[in-house]
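Residue numbers (our numbering): 457 to 531.
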(Lines of atoms letter the chains of each structure in order from A and count residues from 1; the text may use other names and numbers.)
(Lines give C-alpha, C1' and ligand atoms only; values in the text may rest on other atoms or scores of the structure.)
Protein backbone atom coordinates (compact mmCIF):
# COMPACT_ATOMS: atom_id res chain seq x y z
CA UNK A 1 0.00 0.00 0.00
CA UNK A 2 1.52 3.35 -0.99
CA UNK A 3 2.21 5.74 1.83
CA UNK A 4 2.38 8.78 -0.41
CA UNK A 5 -0.64 11.05 -0.49
CA UNK A 6 -1.44 14.07 -2.61
CA UNK A 7 -1.92 16.30 0.45
CA UNK A 8 1.79 16.09 1.25
CA UNK A 9 4.11 18.81 0.13
CA UNK A 10 5.56 18.03 -3.25
CA UNK A 11 9.27 18.28 -3.70
CA UNK A 12 8.82 19.08 -7.39
CA UNK A 13 10.82 16.10 -8.58
CA UNK A 14 9.61 13.51 -11.01
CA UNK A 15 8.23 10.32 -9.47
CA UNK A 16 8.44 11.79 -5.96
CA UNK A 17 5.77 9.51 -4.51
CA UNK A 18 7.36 6.32 -5.75
CA UNK A 19 10.78 7.53 -4.65
CA UNK A 20 9.50 8.21 -1.12
CA UNK A 21 7.78 4.83 -0.87
CA UNK A 22 10.88 2.99 -2.10
CA UNK A 23 13.04 4.86 0.39
CA UNK A 24 10.75 4.10 3.32
CA UNK A 25 10.42 0.44 2.27
CA UNK A 26 14.18 0.02 2.25
CA UNK A 27 14.81 1.87 5.50
CA UNK A 28 12.09 -0.09 7.35
CA UNK A 29 13.12 -3.50 5.97
CA UNK A 30 14.70 -6.13 8.23
CA UNK A 31 17.70 -6.24 5.94
CA UNK A 32 18.66 -2.72 7.01
CA UNK A 33 17.34 -2.75 10.57
CA UNK A 34 18.44 -6.15 11.86
CA UNK A 35 21.32 -7.14 9.59
CA UNK A 36 22.86 -3.65 9.45
CA UNK A 37 23.33 -3.62 5.69
CA UNK A 38 23.07 -0.55 3.49
CA UNK A 39 19.91 0.02 1.43
CA UNK A 40 21.99 -0.43 -1.73
CA UNK A 41 23.03 -3.92 -0.61
CA UNK A 42 19.43 -4.80 0.18
CA UNK A 43 18.32 -3.73 -3.31
CA UNK A 44 20.94 -6.05 -4.82
CA UNK A 45 19.58 -8.91 -2.72
CA UNK A 46 16.09 -8.34 -4.16
CA UNK A 47 14.15 -6.56 -1.42
CA UNK A 48 11.36 -4.07 -2.35
CA UNK A 49 11.51 -5.17 -5.99
CA UNK A 50 7.96 -4.09 -6.86
CA UNK A 51 8.63 -0.50 -5.82
CA UNK A 52 12.02 -0.55 -7.51
CA UNK A 53 10.39 -1.68 -10.75
CA UNK A 54 7.68 0.99 -10.45
CA UNK A 55 10.31 3.67 -9.87
CA UNK A 56 12.27 2.47 -12.89
CA UNK A 57 9.16 2.53 -15.10
CA UNK A 58 8.29 6.02 -13.90
CA UNK A 59 11.76 7.35 -14.66
CA UNK A 60 11.80 5.59 -18.03
CA UNK A 61 8.45 7.08 -18.95
CA UNK A 62 10.00 10.54 -18.71
CA UNK A 63 12.13 9.74 -21.76
CA UNK A 64 9.19 8.49 -23.81
CA UNK A 65 7.82 11.15 -26.16
CA UNK A 66 4.30 9.76 -25.87
CA UNK A 67 4.17 10.75 -22.19
CA UNK A 68 3.99 14.39 -23.18
CA UNK A 69 0.36 13.70 -23.99
CA UNK A 70 -0.46 10.90 -21.56
CA UNK A 71 1.43 12.09 -18.49
CA UNK A 72 4.00 10.25 -16.39
CA UNK A 73 3.39 6.76 -15.11
CA UNK A 74 3.40 6.11 -11.41
CA UNK A 75 1.82 8.32 -8.81
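Each residue gets a CB set at the ideal place from its N, CA and C atoms; glycine is no exception.
First and last residue of the uninterrupted alpha helix (DSSP H) at residue i
{"i": "residue 501", "result": "495-501"}
For residue i, three-class secondary structure by DSSP
{"i": "residue 513", "result": "helix"}
{"i": "residue 473", "result": "helix"}
{"i": "residue 486", "result": "helix"}
{"i": "residue 507", "result": "helix"}
{"i": "residue 478", "result": "helix"}
{"i": "residue 522", "result": "coil"}
With three or more beta-carbon pairs closer than 8 Å as the criterion, would you say the stretch 489-497 touches the stretch 469-476? No contact exists between the stretch 489-497 and the stretch 469-476.
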